[in-house]
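Just so you know, the protein sequences line up as chains A and B, in that order. For the first sequence, this note's numbering begins at 603 and goes up steadily by one. For the second sequence, this note's numbering begins at 99 and goes up steadily by one. Where is the CB? At the ideal position from N, CA and C, for every residue including glycine. Note that the structure is a prediction, hence the values are computed from the model and not measured. First comes the structure, then the notes that go with it.
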Amino acid sequence: MPTSVLLTVLAAFLSAVLSGLGIGSAGIFVLYLTLVAGYAQPEAQAINLLFFLLSAGAALLLHIRSRKIPVRVVLFLVACAIPGALAGSYLVRILNAGLLRKLFGGMLVVTGLPSLLARGKRARKREE
Amino acid sequence: MNPTARHPLPWLLLALAGFGAGLLNGLLGAAGGILLVAILPRLTPPARLYPPAVRLGLYHERRDVLATALAVMLPVSGVSGVFYWLNGIRTSPSLLLLLVLPAALGGLLGAKLLGKLPDRVLKKLFAALVVASGVRMIL
Numbered sequence: 603m604p605t606s607v608l609l610t611v612l613a614a615f616l617s618a619v620l621s622g623l624g625i626g627s628a629g630i631f632v633l634y635l636t637l638v639a640g641y642a643q644p645e646a647q648a649i650n651l652l653f654f655l656l657s658a659g660a661a662l663l664l665h666i667r668s669r670k671i672p673v674r675v676v677l678f679l680v681a682c683a684i685p686g687a688l689a690g691s692y693l694v695r696i697l698n699a700g701l702l703r704k705l706f707g708g709m710l711v712v713t714g715l716p717s718l719l720a721r722g723k724r725a726r727k728r729e730e
Numbered sequence: 099m100n101p102t103a104r105h106p107l108p109w110l111l112l113a114l115a116g117f118g119a120g121l122l123n124g125l126l127g128a129a130g131g132i133l134l135v136a137i138l139p140r141l142t143p144p145a146r147l148y149p150p151a152v153r154l155g156l157y158h159e160r161r162d163v164l165a166t167a168l169a170v171m172l173p174v175s176g177v178s179g180v181f182y183w184l185n186g187i188r189t190s191p192s193l194l195l196l197l198v199l200p201a202a203l204g205g206l207l208g209a210k211l212l213g214k215l216p217d218r219v220l221k222k223l224f225a226a227l228v229v230a231s232g233v234r235m236i237l
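Have a look at this one:
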């Protein structure tokens, strides 16, 4: 089996583990596909969407049994998210790939930094 | 005054969060779930002030919020994928075939791990991954 295939399977598996944990792998698989496998950004995003269906679908089978998922709220959020997805899928044709990538990167930093810098309750207690 | 009357679920904000998550998912092919995970716990009032929040499952532990975000983003990703296809952005069928097994096994393992990893580890792990990815894409 060629190394690139093994690497792709490994990257897919690790990204799927993160998807199963619940935040959709944070686009890690998109990163692998663009930076390592050499796919164009829009195609990598399309692959990631289908990949997410597989990994999240498998994970959801377990989550439905063991977690409290509010069905009414989920249905409401899905109904609101679909027009957003439509708009986003249309915009992806208009915006260029470089801009998309930077936009994506900026958004990841903005969402991740507060949690990364936040100190835990234990650390705060120790200081007090 | 009945506290439930003062703390209804903020449906309008939930609608905006849903729209935003869909927009990110359609535009970037990922990351809509991150938005929901960050916003959902902030939109729902504490269960002691709004008992129906308990019934709705929105104010339980982080793991339930993560599972809820996953349940929302699954159909939305399907819709985004269809629109990508309709817009002429196709994917390689052979690559998708290669991904089926690692995606399914990894997804199941992730779901199992969600019940075992401590909350703070989950939080820091995701934050570190998200920031590292973001910096690399900007540079």
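- The three-state secondary structure of residue 190 of chain B, taken from DSSP, is coil.
- Of the residues assessed, residue 182 of chain B falls on the buried side of the cut-off, its CB having 16 or more other CB atoms within 10 angstroms.
- Note on geometry: alpha-carbon atoms of residue 224 of chain B and residue 676 of chain A lie some 22 angstroms from one another.
- Contact with chain A is found for residue 174 of chain B, since one of that chain's Cβ atoms lies less than 8 angstroms from the residue's Cβ.
- Nearest to residue 203 of chain B by C-alpha distance, out of A:614, A:641, A:672 and A:644, is A:614.
- Judged by DSSP in its simplified three-state form, residue 671 of chain A adopts coil rather than helix or strand.
- Per DSSP, residue 624 of chain A is not a residue of any alpha helix (DSSP H), being assigned neither H nor E.
- Separation of residue 630 of chain A and residue 235 of chain B (C-alpha to C-alpha, rounded to the nearest whole angstrom) is 11 angstroms.
- Within the region 605–625 of chain A, contact with chain B at the beta-carbon level (separation under 9 angstroms) is assigned to 607, 610, 611, 612, 613, 614, 615, 616, 617, 618, 619, 620, 621, 622, 623, 624 and 625.
- Its Cα nearest to that of residue 117 of chain B, the residue A:690 stands out among A:714, A:623, A:690 and A:657.
- Counting every other CB atom within 10 Å of its CB across the protein chains shown gives residue 684 of chain A a total of 16 or more, marking it as buried.
- For residue 213 of chain B, no alpha helix (DSSP H) encloses it, and the DSSP letter there is neither H nor E.
- Taking residue 703 of chain A as the centre and dropping the five residues before and after it, the same chain places the C-beta of 643 closer than 7 angstroms to its C-beta, in chain order.
- By the neighbour-count criterion, in which 16 or more other beta carbons inside 10 Å mark a residue as buried, residue 175 of chain B falls on the buried side.
- By alpha-carbon distance to residue 206 of chain B, the top candidate from B:217, B:138, B:194 and B:168 is B:168.
- Spanning the alpha carbons of residue 166 of chain B and residue 220 of chain B requires a straight line of approximately 16 angstroms.
- Neighbourhood of residue 200 of chain B in chain A, by CB distance below 7 angstroms: 611, 614, 615 and 618, in chain order.
- Just so you know, the alpha carbons of residue 609 of chain A and residue 636 of chain A end up roughly 14 angstroms apart.
- Annotation for residue 111 of chain B: the continuous alpha helix (DSSP H) segment containing it runs 109–126.
- Looking from the CA of residue 686 of chain A, the closest CA among B:189, B:190, B:188 and B:173 belongs to B:173.
- The residues 135, 138 and 139, in chain order, have a CB closer than 7 angstroms to that of residue 163 of chain B in the same chain once the five nearest residues on each side in sequence are set aside.
- Excluding residues up to 5 positions away in sequence, 108, 111, 112 and 115 lie with their Cβ nearer than 7 angstroms to the Cβ of residue 141 of chain B in the same chain.
- Neighbourhood of residue 195 of chain B in chain A, by CB distance below 8 angstroms: empty, with the nearest CB roughly 11 angstroms away.
- Within chain B, 127, 189, 190, 193, 194 and 197 have C-beta atoms less than 9 angstroms from the C-beta of residue 649 of chain A, given in sequence order.
- Pairing residue 196 of chain B with residue 679 of chain A, the inter-Cα distance amounts to about 32 angstroms.
- Of the residues B:191, B:170, B:186 and B:193, the one whose Cα lies closest to the Cα of residue 695 of chain A is B:186.
- Within chain A, the residues placing a beta-carbon under 8 angstroms from that of residue 203 of chain B are 615, 618 and 660, ordered along the chain.
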